[in-house]
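Residue numbers (our numbering): 263 to 564.
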């Protein structure tokens with residue numbers, strides 16, 4: 263099989279995997295609700311001495327969280343998030359007189375979907391696509407006579423031990439790389455999308471950490487190293503496969519500042535799989551790297 267066919271097949275599989283992720287995210291938003299940010303501004307004839315009653319009223323609304331109230335002159339700005347299960351969104355208009363404020367002279371209300379949360383949910387849901395498409399590609403290619411190597415072979419303990427060592431090396435490299443980014447990028451942006459983890463409740467944090475630190479490494483390794491890289495190895499072009507799988511792997515993380523580092527991660531994980539002949543090694547290395555990253559984010563270290 264020539265390189266053009268292999269590359270086209272890899273990108274087609276990637277598209278299908280991401281499409282499955284988007285489709286898989288739809289039930290999540292149907293059940294949990296779509297996160298919508300509201301920012302409402304009011305000009306009032308008189309202000310209450312403080313905004314505690316207003317904040318309590320907003321927090322008592324069903325499905326409302328992330329409440330902030332700011333004032334300046336005769337203006338009050340309230341911001342909050344709701345979980346909407348329909349496409350019709352409405353703002354919560356406070357009973358100003360009951361809360362100790364004057365009458366409303368003018369108002370401006372607005373809302374928008376919290377794009378980062380939606381993107382993050384789709385990104386996590388795509389792991390199901392990576393796993394399903396990756397295993398399907400391996401099975402169908404073997405059935406077609408392609409000499410795919412086993413996904414898991416040899417000593418589990420030896421592969422896991424080597425994965426731990428390489429994972430620790432990746433953590434050290436990633437830490438040094440991120441320190442270097444501080445010379446160019448605002449340190450407050452270092453956590454990127456995953457910084458949203460700090461704003462979630464404990465149940466959501468646990469679920470996200472398990473998905474990101476355990477489920478994602480298994481699913482991504484099955485796809486990028488097992489299926490994409492494995493296809494090129496079966497065709498006798500491991501070097502091309504290592505680079506292509508690394509490029510695609512780094513690209514789907516949608517993290518431009520860390521793109522070079524992610525590409526190096528992909529190359530190292532392909533090398534580890536090739537050396538150990540088992541996906542156990544890159545999966546363990548991937549788990550160590552992601553789990554450490556989540557721990558640092560939760561600890562407030564960007």
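Even for Gly, the Cβ is constructed at its ideal location relative to N, Cα and C.
Cβ atoms of residue j and residue i: under 8 Å apart, would you say?
i           : j           : result
residue 376 : residue 297 : yes
residue 488 : residue 396 : yes
residue 504 : residue 534 : no
residue 429 : residue 550 : yes
residue 393 : residue 492 : no
residue 540 : residue 421 : yes
residue 301 : residue 341 : yes
residue 303 : residue 270 : no
residue 374 : residue 295 : no
residue 333 : residue 309 : yes
residue 511 : residue 502 : no
residue 356 : residue 319 : yes
Closest to residue i by C-alpha separation, out of the options, would be which residue?
i           : options            : result
residue 525 : 496, 445, 439      : 439
residue 403 : 537, 538, 388, 272 : 272
residue 435 : 406, 547, 483, 339 : 547
residue 427 : 516, 515, 386, 538 : 538
residue 324 : 359, 343, 445, 552 : 343
residue 312 : 274, 268, 358, 441 : 358
residue 307 : 369, 417, 447, 558 : 369
residue 543 : 417, 400, 268, 406 : 417
residue 520 : 318, 386, 446      : 446
residue 470 : 444, 398, 552      : 552
residue 305 : 482, 285, 339, 444 : 339
residue 558 : 517, 532, 437      : 437
residue 482 : 444, 442, 467, 531 : 531
residue 442 : 523, 317, 372      : 523
Would you identify the three-state DSSP class for residue i, choosing helix, strand or coil?
i           : result
residue 413 : coil
residue 549 : helix
residue 368 : strand
residue 300 : strand
residue 376 : coil
residue 439 : helix
residue 541 : coil
residue 482 : helix
residue 535 : helix
residue 473 : helix
residue 527 : helix
residue 276 : helix
residue 407 : coil
residue 444 : coil
Compute the beta-carbon to beta-carbon distance between residue i and residue j, rounded to the nearest angstrom, for a pair I have assumed lies under 8 Å.
i           : j           : result
residue 485 : residue 279 : 6 Å
residue 361 : residue 315 : 5 Å
residue 545 : residue 480 : 6 Å
residue 513 : residue 490 : So it is not a contact: roughly 12 Å between Cβ atoms.
residue 287 : residue 383 : 5 Å
residue 391 : residue 282 : 3 Å
residue 354 : residue 326 : 7 Å
residue 527 : residue 413 : Going by Cβ atoms, the distance from residue 527 to residue 413 rounds to 19 Å, so no, they are not a contact pair.
residue 473 : residue 389 : 7 Å
residue 299 : residue 499 : In fact, because the Cβ distance is near 48 Å, the residues do not count as touching under 8 Å.
residue 497 : residue 268 : 6 Å
residue 329 : residue 321 : 5 Å
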